[in-house]
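Following: one structure in structure tokens, then a few remarks.
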Amino acid sequence: MGRAIDEDVVLAKNLTKQYDGLTAVNSINFGVRWGEIFGFLGPNGAGKTTTIRMIYGMSPPTSGGLTVLGLDVRRNIRAIKKRIGVVPQETNLDTELSVLENLEVYANYFGIPRRIARERAMELLNFIYLADRASTMVDALSGGMKRRLLLARALLNNPELLILDEPTTGLDPQARHLIWDKLRSLRDQRVTLLITTHYMEEASQLCDRLVIMDDGRIITEGSPSELIDKHVSREALEIRVAPELTQKALDVLIPESESYEAQDENLVFFAPLADKLLRTAEEAGLKIEYVLLRRSTLEDVFLKLTGRRLRD
Ligand SMILES: Nc1ncnc2c1ncn2[C@@H]1O[C@H](COP(=O)(O)OP(=O)(O)OP(=O)(O)O)[C@@H](O)[C@H]1O
Ligand SMILES: [Mg+2]
Numbered sequence: 001m002g003r004a005i006d007e008d009v010v011l012a013k014n015l016t017k018q019y020d021g022l023t024a025v026n027s028i029n030f031g032v033r034w035g036e037i038f039g040f041l042g043p044n045g046a047g048k049t050t051t052i053r054m055i056y057g058m059s060p061p062t063s064g065g066l067t068v069l070g071l072d073v074r075r076n077i078r079a080i081k082k083r084i085g086v087v088p089q090e091t092n093l094d095t096e097l098s099v100l101e102n103l104e105v106y107a108n109y110f111g112i113p114r115r116i117a118r119e120r121a122m123e124l125l126n127f128i129y130l131a132d133r134a135s136t137m138v139d140a141l142s143g144g145m146k147r148r149l150l151l152a153r154a155l156l157n158n159p160e161l162l163i164l165d166e167p168t169t170g171l172d173p174q175a176r177h178l179i180w181d182k183l184r185s186l187r188d189q190r191v192t193l194l195i196t197t198h199y200m201e202e203a204s205q206l207c208d209r210l211v212i213m214d215d216g217r218i219i220t221e222g223s224p225s226e227l228i229d230k231h232v233s234r235e236a237l238e239i240r241v242a243p244e245l246t247q248k249a250l251d252v253l254i255p256e257s258e259s260y261e262a263q264d265e266n267l268v269f270f271a272p273l274a275d276k277l278l279r280t281a282e283e284a285g286l287k288i289e290y291v292l293l294r295r296s297t298l299e300d301v302f303l304k305l306t307g308r309r310l311r312d
């Protein structure tokens, strides 16, 4: 497949989607590069699903430009669909069929000959550790297994771009880590991945670059560590003091911090080295009731930018 490596896999210019009266996606701009895991992080209703549904041709943009694999989604959606894989937010497997049959039926949509389809399906079932379940009915699979099967199905046509809407929502940590491993190994095989998530942990573990969305807009963009450095600082000192000492804590610590936020009942100060902040507080004789030194997170970034938590 001829392609210029410096060309974006997905390129959106002032991309907008309106549903009568409601602007679900509001003039967003972003570019996904070849071979990276790119994320859309944001709370419920931010516009993540709406954005990626436009990318995989389920929903036409209201206005703005959108190209996928260098092709305009308004004119070339059939050609695009042949070269991408999609794992939707809702499980849409055929529960009347077995694991293997689900893959074979889907392969048929892509015109993959029967014998090759079975080989490819078994190869993918091995990849996602479901080979021993090939003849199990889908109804009898756990949530994590269903998600893995959806992943295998999306890989049948050897996509260059794989799009996953909330790949691990509702899964336990073990099932989540297995999916993360598989997604990283796909990136190592040069598949470009685009994911949505409202788990900041998932975004920071997985994404090379991401955009944070809120209320239909992109509020910031970068790698996880760039976003943390830019909006807060690498480490956080989280403390709780008696209400009458709050002002003293702020007076002592804000001058030493790169950034400050009130989070619930705690005061959070950000700096490259948070234990230095703690020493400053102790030297000032500040009586602290609760203290936590930790790395800063994308949740801190989101709170800083919106005043809200990712999950309410
Ligand atoms: N088909 C539709 N018709 C009307 N409004 C819609 C439609 N699909 C989405 N919306 C609205 O668009 C906004 C963005 O929804 P979207 O599903 O893109 O959010 P999301 O970021 O994927 O959220 P979640 O984390 O809950 O999946 C919401 O206000 C939603 O109600
Ligand atoms: Mg969604």
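Each step along the sequence shown adds one to the number in my numbering, with nothing skipped, and position 7 is 7. We treat Cβ as the ideally placed atom computed from N, Cα and C, and that holds for glycine.
Could you check which residue in the options has the C-alpha nearest to that of residue i?
{"i": "glutamate 160", "options": "Thr280, Ala79, Glu258 and Ile28", "result": "Ala79"}
{"i": "isoleucine 37", "options": "Arg115, Asp165 and Met58", "result": "Asp165"}
{"i": "leucine 93", "options": "Met58, Arg148 and Leu71", "result": "Arg148"}
{"i": "aspartate 132", "options": "Val99, Val68 and Glu226", "result": "Val99"}
{"i": "isoleucine 52", "options": "Gly35, Val86, Ser27 and Tyr19", "result": "Val86"}
{"i": "glycine 35", "options": "Gly111, Leu286, Arg187 and Val138", "result": "Arg187"}
{"i": "glutamate 315", "options": "Ser296, Leu171 and Ala262", "result": "The structure shown does not extend to residue 315, since the chain is modelled only from 1 through 312, so no value can be given for it."}
{"i": "leucine 193", "options": "Ser27, Leu286, Val32 and Thr169", "result": "Val32"}
{"i": "tyrosine 199", "options": "Tyr19, His231 and Asp300", "result": "Asp300"}
{"i": "leucine 245", "options": "Ala262, Gln263, Ala134 and Leu286", "result": "Leu286"}
{"i": "arginine 308", "options": "Val191, Gln263, Glu289 and Ile288", "result": "Gln263"}
{"i": "glutamate 101", "options": "Ser135, Glu119 and Pro113", "result": "Ser135"}
{"i": "threonine 95", "options": "Leu267, Leu150, Glu119 and Asn76", "result": "Leu150"}
{"i": "glycine 170", "options": "Gly143, Leu178 and Gln189", "result": "Gly143"}
For residue i, collect the residues of the same chain with a Cβ closer than 7 Å to its Cβ; drop the 5 residues on either side in sequence, then sort them by chain order.
{"i": "aspartate 215", "result": "Ala46"}
{"i": "alanine 357", "result": "There is no way to answer for residue 357, as the model of the chain reaches only from 1 to 312."}
{"i": "alanine 203", "result": "Gly39, Leu41, Thr197, Leu210, Pro224 and Leu298"}
{"i": "glutamate 201", "result": "none"}
{"i": "asparagine 26", "result": "Thr16, Gly216 and Arg217"}
{"i": "threonine 49", "result": "Gln89, Asp165 and Thr196"}
{"i": "isoleucine 176", "result": "The sequence given here places arginine at residue 176; isoleucine does not occur at that position. Correct list, in chain order: Thr168."}
{"i": "isoleucine 288", "result": "Ile239, Val241 and Ala281"}
{"i": "leucine 11", "result": "Gly31 and Thr67"}
Pull up the CB-CB distance for residue i and residue j, whole angstroms please, since I reckon it's below 8 Å.
{"i": "leucine 305", "j": "isoleucine 195", "result": "Not quite, the Cβ-Cβ distance comes to about 20 Å (not below 8 Å), so this is no contact."}
{"i": "isoleucine 239", "j": "isoleucine 163", "result": "With a Cβ gap of about 42 Å, isoleucine 239 and isoleucine 163 do not count as contacting."}
{"i": "proline 224", "j": "leucine 298", "result": "6 Å"}
{"i": "lysine 17", "j": "proline 61", "result": "6 Å"}
{"i": "phenylalanine 302", "j": "isoleucine 212", "result": "6 Å"}
{"i": "proline 43", "j": "arginine 217", "result": "About 12 Å; that fails the 8 Å criterion."}
{"i": "leucine 183", "j": "proline 173", "result": "With a Cβ gap of about 15 Å, leucine 183 and proline 173 do not count as contacting."}
Just to confirm my understanding: we take residue i, look at its own chain, exclude 5 residues before and 5 after, and list those with CB closer than 8 Å. What are they?
{"i": "lysine 13", "result": "Asn29, Gly64, Gly65 and Leu66"}
{"i": "alanine 152", "result": "Leu103, Ala121, Leu124, Leu125, Phe127, Ile128 and Leu130"}
{"i": "glutamate 265", "result": "Arg240"}
{"i": "arginine 294", "result": "Glu235, Ala236, Glu238 and Ala274"}
{"i": "methionine 1", "result": "Confidence in methionine 1 is poor, its pLDDT being 48 and thus under 50, which makes the residue's placement unreliable; the coordinate value appears in the next sentence. Hits under 8 Å: Arg83 and Glu160."}
{"i": "glutamine 205", "result": "Trp180"}
{"i": "valine 73", "result": "Met54, Ile55, Gly57, Pro60, Pro61, Leu66, Thr67 and Ile80"}
{"i": "leucine 97", "result": "Val105, Met137 and Val138"}
{"i": "alanine 24", "result": "Lys17, Gln18, Gly47, Thr50 and Gly216"}
{"i": "isoleucine 112", "result": "Arg120, Leu156 and Asn157"}
{"i": "isoleucine 77", "result": "Gly57"}
{"i": "phenylalanine 110", "result": "Lys82, Leu156 and Asn157"}
Can you name, in chain order, every residue of its own chain whose Cβ lies under 6 Å from the Cβ of residue i, other than the five neighbours on each side?
{"i": "cysteine 207", "result": "Ile37 and Gly39"}
{"i": "threonine 91", "result": "Lys146"}
{"i": "glutamate 7", "result": "Gly70"}
{"i": "tyrosine 260", "result": "Ile254 and Phe269"}
{"i": "valine 291", "result": "Ile239"}
{"i": "alanine 117", "result": "Glu104 and Ala107"}
{"i": "glutamate 221", "result": "Val211"}
{"i": "aspartate 20", "result": "none"}
{"i": "valine 191", "result": "Leu162"}
{"i": "histidine 231", "result": "Val301 and Lys304"}
{"i": "valine 9", "result": "Val32, Trp34, Leu161 and Thr192"}
Mind the definition here: the segment 103-111 touches the segment 151-163 only if three or more C-beta pairs lie below 8 Å; say whether that holds.
-> Result yes; three or more Cβ-Cβ pairs closer than 8 Å.
Contained alpha helix (DSSP H) runs [length at least 4] in the segment 84-128, N- to C-terminal order = For the segment 84-128, whole alpha helix (DSSP H) runs of length 4 or above, ordered along the chain, are 99-109 and 114-127.
Pairing CB atoms from the segment 276-291 with CB atoms from the segment 245-256, are three or more of them under 8 Å?
-> Touching, per the Cβ criterion.
Pick out the complete beta strand (DSSP E) segments inside the segment 173-199, 3 residues or longer, and give them in chain order.
-> Those beta strand (DSSP E) runs which fall completely within the segment 173-199 and span 3+ residues are 192-197.
Ordered list of alpha helix (DSSP H) runs contained in the segment 12-68, each at least 4 residues | If we require 4 residues or more, the alpha helix (DSSP H) runs fully inside the segment 12-68 come out as 48-55.
Beta strand (DSSP E) runs wholly inside the segment 127-164, at least 3 long, in chain order = Every candidate beta strand (DSSP E) stretch fails here, since none sits fully inside the segment 127-164 while reaching 3 residues.
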